[in-house]
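Peer 1: Dropping the structure in here first, questions after.
In the working numbering, the protein residues as written are 240 to 302.
Written as structure tokens, this is what we have:
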């Protein structure tokens, strides 16, 4: 802690990577939708795709 600010090993690039992943997932899910309802569901899925990915990975590894 220096001058009241925490300086850790984090880099600001993680937000950019998540943002690009969000946009890519949004485009993918919107292209796959055939109805308005599926499009709305696709937007919601694109927001939470990292959680779904981790869940499926842990399910696959049976942890």
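Every residue, glycine too, gets a C-beta built ideally from N, C-alpha and C. Remember, predicted model here, so these are calculated numbers, not experimental data.
1. Using 8 Å as the threshold, is the region 254–271 in touch with the region 284–302, meaning 3 or more CB pairs across them?
2. So, for residue 291: in the same chain, excluding its five sequence neighbours on each side, which residues have a beta-carbon less than 8 Å away from its beta-carbon?
3. Measuring straight from C-alpha to C-alpha, what distance separates residue 268 and residue 278?
4. Report all residues from its chain with a CB closer than 6 Å to the CB of residue 281; omit the five preceding and five following residues, and keep chain order.
Peer 2: In short:
1. yes
2. Position 52 of the chain shown, counting from 1, holds the residue named residue 291. Once the five neighbours on either side are set aside, the close Cβ partners of residue 291 are 284.
3. Here residue 268 corresponds to residue number 29 of the chain shown, with the count starting at 1. Here residue 278 corresponds to residue number 39 of the chain shown, with the count starting at 1. The straight-line gap from Cα to Cα measures roughly 7 Å.
4. Taking the chain shown and counting its residues from 1, the one referred to as residue 281 is at position 42. Correct list, in chain order: 268, 269 and 272.
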